[in-house]
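In terms of UniProt numbering, the sequence shown is residues 1 to 194.
By construction, the Cβ of each residue, glycine as well, lies at the ideal position given by its N, Cα and C atoms.
Only a predicted model underlies this, so the values are computations on that prediction, with no experimental measurement involved.
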Amino acid sequence: MIKETFKNLAEDLRKIPGISKKQAMRILSFLVDVPIEKIENFVRAIYDLKKNTQYCEKCGYLNTNPVCEICLDFQRSFKILVVENTEMIAKFEEYGKYDGQYFVFGKYDIKNLENHNAQIKKLADLAANKSEIILGLSSTMEGLIFANYLAKHEFLSGLKITRLATGIPFGAIIDYIDNITLDQALKNRQEMEK
């Protein structure tokens with residue numbers, strides 16, 4: 001019975017990105033030793049997070065309000081940094097040298113590029129009065145293909161589109177890049193060919 005419970009919980013934990021089978025077992029072993037009150041508080045905090053968190057209507061960042069603080073900050077520059085997920089926004093905000101707005105594109109499928117037209121239209125509408133769209137997609141083959149697709153998309157024609165410099169190693173995920181590399185990537189970004 002307990003073995004089956006451990007196995008099922010470990011499988012659930014492994015659904016979290018970055019959690020291996022061994023890490024899942026360590027987490028479960030730790031949780032068994034934690035007082036029940038702390039477990040109850042932890043579960044309540046996760047429930048509250050899920051219940052009270054939503055995505056910003058404009059940029060897609062996690063927030064407790066319909067529009068996030070970043071989108072409401074009129075002191076920010078007229079640039080939009082397109083990222084794949086909210087963790088990337090947190091990385092750039094922690095870095096502290098980017099002062100524009102963001103747009104979380106989410107997952108993209110390079111085999112069905114046309115399926116992204118609604119999201120690209122939303123980006124185009126948000127970028128209508130901006131000076132630049134910076135593509136901050138991961139430096140993978142899929143990221144490169146999708147960046148080129150965005151740069152040439154009819155909805156974004158007439159807009160200045162740049163991509164983070166390739167100082168970020170090919171195959172790297174932006175969430176794990178150090179601040180010096182992020183600094184170089186922002187400073188050395190290049191305009192995308194149309």
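Please work out which residues of its chain come closer than 8 Å, Cβ to Cβ, to residue i, disregarding the five sequence neighbours upstream and downstream, and give them in chain order.
| i | result |
| --- | --- |
| residue 64 | 52, 53 and 54 |
| residue 119 | 105 and 106 |
| residue 117 | 155 |
| residue 66 | 54, 56 and 57 |
Which residue marks the beginning of the beta strand (DSSP E) containing residue i, and which one marks its end?
| i | result |
| --- | --- |
| residue 64 | Per DSSP, residue 64 belongs to no beta strand (DSSP E) and is neither H nor E. |
| residue 135 | 132-135 |
| residue 103 | 101-104 |
Does any residue of chain C have a CB that is nearer than 8 Å to the CB of residue i?
| i | result |
| --- | --- |
| residue 39 | Among the chains in the structure shown there is no chain C, since it carries only a single protein chain. |
So, is residue i buried or exposed, given that buried needs 16 or more other C-beta atoms within 10 angstroms?
| i | result |
| --- | --- |
| residue 2 | exposed |
| residue 5 | exposed |
| residue 83 | buried |
| residue 45 | exposed |
Starting from the C-beta of residue i, find all residues in its chain whose C-beta is less than 6 Å away, skip the five residues before and the five after it, and write them out in chain order.
| i | result |
| --- | --- |
| residue 92 | 98 |
| residue 68 | 56 and 61 |
| residue 174 | 88 and 138 |
| residue 128 | none |
Which residues bound the alpha helix (DSSP H) around residue i?
| i | result |
| --- | --- |
| residue 79 | Taken as a continuous stretch (DSSP letters only), residue 79 belongs to no alpha helix (DSSP H), being part of the beta strand (DSSP E) at 79-83. |
| residue 163 | Segment 161-163 is the beta strand (DSSP E) holding residue 163; no alpha helix (DSSP H) there. |
| residue 138 | No alpha helix (DSSP H) contains residue 138, which DSSP labels as neither H nor E. |
Are the beta-carbon atoms of residue i and residue j separated by less than 8 Å?
| i | j | result |
| --- | --- | --- |
| residue 100 | residue 81 | yes |
| residue 136 | residue 113 | no |
| residue 7 | residue 14 | no |
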